[in-house]
Amino acid sequence: IVGVMGYGGGVIGRYSDLSEEYPGVSHFHTIRVNQPSGWYYTSDALRTICDIWDRHGSGLTNIHGSTG
Numbered sequence: 297i298v299g300v301m302g303y304g305g306g307v308i309g310r311y312s313d314l315s316e317e318y319p320g321v322s323h324f325h326t327i328r329v330n331q332p333s334g335w336y337y338t339s340d341a342l343r344t345i346c347d348i349w350d351r352h353g354s355g356l357t358n359i360h361g362s363t364g
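With the sequence shown counted from 1, adding 296 to any position gets you the numbering used here.
Structure, rendered in structure tokens:
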């Protein structure tokens, strides 16, 4: 799990304080995709990232940047 210091990209751990009441969401992770300055992701690259995360992660994404 990537730390959130500086809010970089990567897998961000999410945990619930109400895990006994809501065990289905006691812990899940999101992937954060940052846009590098002066560069844009193609839609094919974003689809690939999302497909991988749908298959191997929670499916929740945080696309961050000027075009996110």
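Think of the CB as a built atom: it goes at the ideal place given N, C-alpha and C, for glycine as much as any other residue.
Coarse secondary structure for residue i, derived from DSSP in three states
{"i": "G309", "result": "strand"}
{"i": "T357", "result": "strand"}
{"i": "T326", "result": "strand"}
Contact under 8 Å by Cβ, residue i with residue j
{"i": "H323", "j": "R343", "result": "no"}
{"i": "R328", "j": "G306", "result": "yes"}
Residues near residue i by beta carbon distance below 7 Å, same chain, minus five either side
{"i": "S315", "result": "S322"}
Rounded separation between residue i and residue j - CA only
{"i": "Y336", "j": "W349", "result": "20 Å"}
{"i": "E317", "j": "L356", "result": "21 Å"}
{"i": "A341", "j": "D347", "result": "10 Å"}
Same chain, Cβ closer than 8 Å to residue i, neighbours up to 5 away in sequence not counted
{"i": "S312", "result": "Y318, V321, S322, H323"}
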